[in-house]
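K.L.:
Can you keep this structure in mind? I'll have questions shortly.
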Amino acid sequence: MGSDKQMTAGDDRSGRNRGEPDPAAMFTPSSADAHAAHEVTEWALARLAGRRDVLPPKAAAGSLPAIDPEGIGADAALALFRDRVAPTAIPPDHPRFLAFIPGAPTVAAALADMALSVAMIYGGSYLEGGRAVEAEDAVVRWLADAAGFPATAGGTFVSGGSIANLSALVAARGGGPEAHRRRVIVVGASAHSSMAAAAHIMGCELVTAPAADAHGRLDRRVLEEALATLDPDEVVAVVATAGATNTGAFDDLAGVADACAAHGLRLHVDGAYGGAALLSPRTRPLLDGIERADSFIVDPHKMLYSTFDCAALVYRDRVAASCALTQTADYLAVCDGEDPNPSDLAIHLTRRARGVPLWASVLAYGTDVYAAAVDHCVDRAAYAASRVEASPALELVLEPSFTVLVVRRVGWTADDYAAWSADAMARGVTVVMPTRHAGETVLRLCFVNPLTTREDVDLVLADLA
Ligand SMILES: Cc1ncc(COP(=O)(O)O)c(C=O)c1O
Numbered sequence: 221m222g223s224d225k226q227m228t229a230g231d232d233r234s235g236r237n238r239g240e241p242d243p244a245a246m247f248t249p250s251s252a253d254a255h256a257a258h259e260v261t262e263w264a265l266a267r268l269a270g271r272r273d274v275l276p277p278k279a280a281a282g283s284l285p286a287i288d289p290e291g292i293g294a295d296a297a298l299a300l301f302r303d304r305v306a307p308t309a310i311p312p313d314h315p316r317f318l319a320f321i322p323g324a325p326t327v328a329a330a331l332a333d334m335a336l337s338v339a340m341i342y343g344g345s346y347l348e349g350g351r352a353v354e355a356e357d358a359v360v361r362w363l364a365d366a367a368g369f370p371a372t373a374g375g376t377f378v379s380g381g382s383i384a385n386l387s388a389l390v391a392a393r394g395g396g397p398e399a400h401r402r403r404v405i406v407v408g409a410s411a412h413s414s415m416a417a418a419a420h421i422m423g424c425e426l427v428t429a430p431a432a433d434a435h436g437r438l439d440r441r442v443l444e445e446a447l448a449t450l451d452p453d454e455v456v457a458v459v460a461t462a463g464a465t466n467t468g469a470f471d472d473l474a475g476v477a478d479a480c481a482a483h484g485l486r487l488h489v490d491g492a493y494g495g496a497a498l499l500s501p502r503t504r505p506l507l508d509g510i511e512r513a514d515s516f517i518v519d520p521h522k523m524l525y526s527t528f529d530c531a532a533l534v535y536r537d538r539v540a541a542s543c544a545l546t547q548t549a550d551y552l553a554v555c556d557g558e559d560p561n562p563s564d565l566a567i568h569l570t571r572r573a574r575g576v577p578l579w580a581s582v583l584a585y586g587t588d589v590y591a592a593a594v595d596h597c598v599d600r601a602a603y604a605a606s607r608v609e610a611s612p613a614l615e616l617v618l619e620p621s622f623t624v625l626v627v628r629r630v631g632w633t634a635d636d637y638a639a640w641s642a643d644a645m646a647r648g649v650t651v652v653m654p655t656r657h658a659g660e661t662v663l664r665l666c667f668v669n670p671l672t673t674r675e676d677v678d679l680v681l682a683d684l685a
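Numbering (the working numbering), first residue to last: 221 to 685.
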């Protein structure tokens, strides 16, 4: 890839249309495209190797070229992306990106994702997706086994936790004639915002149980309180959170499962972030009780080290789940088989086989190293907590949970937090964003990146203190 200036100067390698527009030219690689492909691969490897060098993001200078009738050539468009588009994005895979819930794909996942785009696989059905769907199924099975789900389990991959939660709730409402009666979704106080969005989209009421503790956990006692006023026949499902976004807290899944069993209610577990705890024997007990859920989700683009965008959606009974989600049309009947297709298990039809990068990564490195990666992040969070406790300028707002810390800088106002956060990012120190907890502006640090070192933690906390 040359720079955009070089390529817009009329270089033949640009592949621009010179005479009559020829549609076929867009689909046949030219020598300029071959050159661009080579440079993209080199850039990709350099980016993956140099993840420590991608902070701070570059300021977006000048405007991007206008989309015009002639085009600038694939080579120039790729150069623009590399030089002036990609570097302006805040990189969530930097080892000191501790805001929101970061993500950091493995090398195998990133490269498999590039290859997946070129392979142009339709992942909606077994008929078309071939072994790509089989590969995705193998990863779903790995997750289902980790959760203790039976042989009837199955699932698919969707774009993110939000669509995964929505799909799971639509499946829980069911496809039968009684589905319309179910119009209440029960959640804990730390439920993710996608629950309110799902309830809104489904035309349901969201009932939030009182917080059982300072972390906002859901347990049997507070769930029973919430259920006392509800008709169980009207409940779509109870949703428990495994790894709350703001605090990292895990709801008491076993207690919640007991209450659901007692009232005949479905249980969905939102493990978009904390579902990664399934992978390590050290953290697996946080999820005790998940084996009794009807469905759960976990986002591989968070702590399973795959690429954006990817959420795994796993059902206890894949056939039952498909009842409310399968689209039927005369032209789709040809895809029907014994098992539900991936398109029958979520709100989608055409889909990218986005579980393939995770499959390639797990196959490449084996599962043991995933457990080690989770343990590493838990250790980093514990180390950071110990450094916070040792600093007179800093305080832990809550007991740390999993890999999230909520931290107070003594004496700071909301403006101070915002100013430090922006400045620390501009100086390339860290990406840490303020949040609110119990009405107070505080900072939240989330560790998911195995490249984060103790020195990184020291640097960030020294800057903050
Ligand atoms: C607990 C939880 N659930 C759901 C989501 C939504 O996931 P996504 O952003 O992939 O839609 C998140 C995102 O951070 C989350 O933390």
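All residues carry an ideal CB built from backbone N, CA and C; glycine is no exception. Note that the structure is a prediction, hence the values are computed from the model and not measured.
When you compare only the Cα positions, how much space is there between residue 680 and residue 601?
P.N.:
The alpha-carbon atoms of residue 680 and residue 601 are separated by roughly 13 Å.
K.L.:
At 4 residues or longer, and completely inside the region 519 to 595: list those alpha helix (DSSP H) runs for me, N to C.
P.N.:
List check, alpha helix (DSSP H) in window: 538 to 542, 576 to 585.
K.L.:
Of the residues 245, 372, 596, 356, which one's Cα is nearest the Cα of residue 336?
P.N.:
Per the Cα distances, 356.
K.L.:
Is residue 538 near residue 343, with beta carbons less than 8 Å apart?
P.N.:
No, these two residues do not count as a Cβ contact at 8 Å.
K.L.:
So within the region 354 to 440, which uninterrupted alpha helix (DSSP H) runs reach at least 4 residues, ignoring any that extend past its ends?
P.N.:
Correct list: 381 to 393, 413 to 422.
K.L.:
By Cβ distance, which residues of its chain are closer than 7 Å to residue 489, with the 5 residues on each side in sequence left out?
P.N.:
So the list reads 460, 462, 473, 510, 513, 516, once near-sequence residues are dropped.
K.L.:
Report yes if the C-beta of residue 414 is less than 7 Å from at least one heavy atom of ligand 1; otherwise report no.
P.N.:
Correct: residue 414 has its Cβ closer than 7 Å to ligand 1.
K.L.:
Can you tell me which of the three DSSP states residue 271 falls into?
P.N.:
Of the three classes helix, strand and coil, the one that applies to residue 271 here is helix, per DSSP.
K.L.:
To which residues of the same chain is residue 231 closer than 6 Å at the C-beta, ignoring the five residues directly before and after it?
P.N.:
Caution applies to residue 231, whose pLDDT of 44 falls short of 50 and renders its modelled position unreliable; the value that the coordinates give is listed next. So no residue of the chain qualifies.
K.L.:
Rank 545, 414, 594, 582 by C-alpha distance to the C-alpha of residue 502 and give the top, closest one.
P.N.:
Ranking 545, 414, 594, 582 by Cα distance to residue 502 puts 594 first.
K.L.:
If you draw a straight line from the C-alpha of residue 385 to the C-alpha of residue 492, how long is it?
P.N.:
Distance between the alpha carbons of residue 385 and residue 492: 9 Å.
K.L.:
Output yes or no for whether 8 Å exceeds the beta carbon distance between residue 329 and residue 580.
P.N.:
In contact: residue 329 and residue 580 (Cβ atoms closer than 8 Å).
K.L.:
According to the Cβ coordinates, are residue 317 and residue 651 closer than 8 Å?
P.N.:
Going by C-beta atoms, residue 317 is nearer than 8 Å to residue 651.
K.L.:
Does residue 647 pass the burial test, meaning 16 or more other C-beta atoms within 10 Å, or should it be called exposed?
P.N.:
So residue 647 counts as exposed.
K.L.:
I need the boundaries of the alpha helix (DSSP H) containing residue 630, first residue and last residue.
P.N.:
Segment: none, residue 630 is in no alpha helix (DSSP H) and carries neither H nor E.
K.L.:
Report the rounded CA-to-CA distance for residue 226 versus residue 576, giving the unit in angstroms.
P.N.:
Bear in mind that a pLDDT of 39 at residue 226, under 50, signals an unreliable position, so the model cannot answer this.
K.L.:
Whose C-beta lies closer than 6 Å to the C-beta of residue 591 among residues of the same chain, with five residues either side of it excluded?
P.N.:
Around residue 591: 499, 500.
K.L.:
Do residue 565 and residue 763 have their beta-carbon atoms positioned less than 8 Å apart in this structure?
P.N.:
This structure cannot settle anything about residue 763, because the visible part of the chain is limited to 221 through 685.
K.L.:
Alpha carbon to alpha carbon, how far is residue 569 from residue 547?
P.N.:
When rounded, the distance between both Cα atoms is 8 Å.
K.L.:
Inspect the beta-carbon positions of residue 467 and residue 621 and report whether they are closer than 8 Å.
P.N.:
Yes; because the gap between Cβ atoms is below 8 Å, this pair is in contact.
K.L.:
Go through the region 459 to 522 residue by residue and report every complete run of the beta strand (DSSP E) that reaches 3 residues or more, in order.
P.N.:
You should have 487 to 490, 515 to 518.
K.L.:
At which residues does the beta strand (DSSP E) containing residue 656 begin and terminate?
P.N.:
Residues 653 to 657.
K.L.:
Quick check on residue 251: buried or exposed, where buried means 16 or more other Cβ atoms within 10 Å of its Cβ?
P.N.:
Answer is exposed; the Cβ neighbour count stays below 16.
K.L.:
What would DSSP say about residue 254, mapped onto helix, strand or coil?
P.N.:
It is helical.
K.L.:
Where residue 245 and residue 319 are concerned, what is the direct C-alpha to C-alpha distance, given to the nearest angstrom?
P.N.:
Near 44 Å, if we compare the C-alpha coordinates of residue 319 and residue 245.
K.L.:
What would DSSP say about residue 660, mapped onto helix, strand or coil?
P.N.:
In the structure shown, residue 660 sits in a strand (DSSP, three-state: E or B).
K.L.:
Going by the DSSP bridge assignment, what does residue 615 pair with across the sheet?
P.N.:
The partner list for residue 615 (beta bridge, DSSP) reads 628.
K.L.:
For residue 496 and residue 596, what's the separation of their Cα atoms in angstroms?
P.N.:
Cα-Cα distance, rounded: 12 Å.
K.L.:
Within 10 angstroms of the Cβ of residue 670, are there 16 or more other Cβ atoms? Answer buried if so, exposed if not.
P.N.:
Buried, because 16 or more other Cβ atoms sit within 10 Å of the Cβ of residue 670.
K.L.:
With distances taken Cα to Cα, identify the nearest neighbour of residue 321 among 477, 668, 399, 420.
P.N.:
Per the Cα distances, 668.
K.L.:
In or out: residue 239 buried (at least 16 other Cβ within 10 Å) or exposed?
P.N.:
That one is exposed.
K.L.:
Does residue 233 pass the burial test, meaning 16 or more other C-beta atoms within 10 Å, or should it be called exposed?
P.N.:
With a pLDDT of 44 at residue 233, under the threshold of 50, the modelled position of this residue cannot be trusted; read the value that follows with caution. So residue 233 ends up on the buried side.
K.L.:
Can you give me the Cβ contacts of residue 587 inside the same chain, cut-off strictly under 8 Å, excluding the 5 residues immediately before and after it?
P.N.:
Excluding residues within five positions, the ones whose Cβ falls inside 8 Å are 362, 499.
K.L.:
Report buried or exposed for residue 247, applying the criterion of at least 16 other Cβ atoms within 10 angstroms of its Cβ.
P.N.:
When all chains shown are included, residue 247 counts as exposed.
K.L.:
Find out if the Cβ-Cβ distance for the pair residue 654, residue 638 is shorter than 8 Å.
P.N.:
Closer than 8 Å, so yes.
K.L.:
Taking a contact to mean a Cβ-Cβ separation below 8 Å, would you say residue 545 touches residue 391 in this structure?
P.N.:
In this structure, residue 391 lies closer than 8 Å to residue 545 by Cβ.
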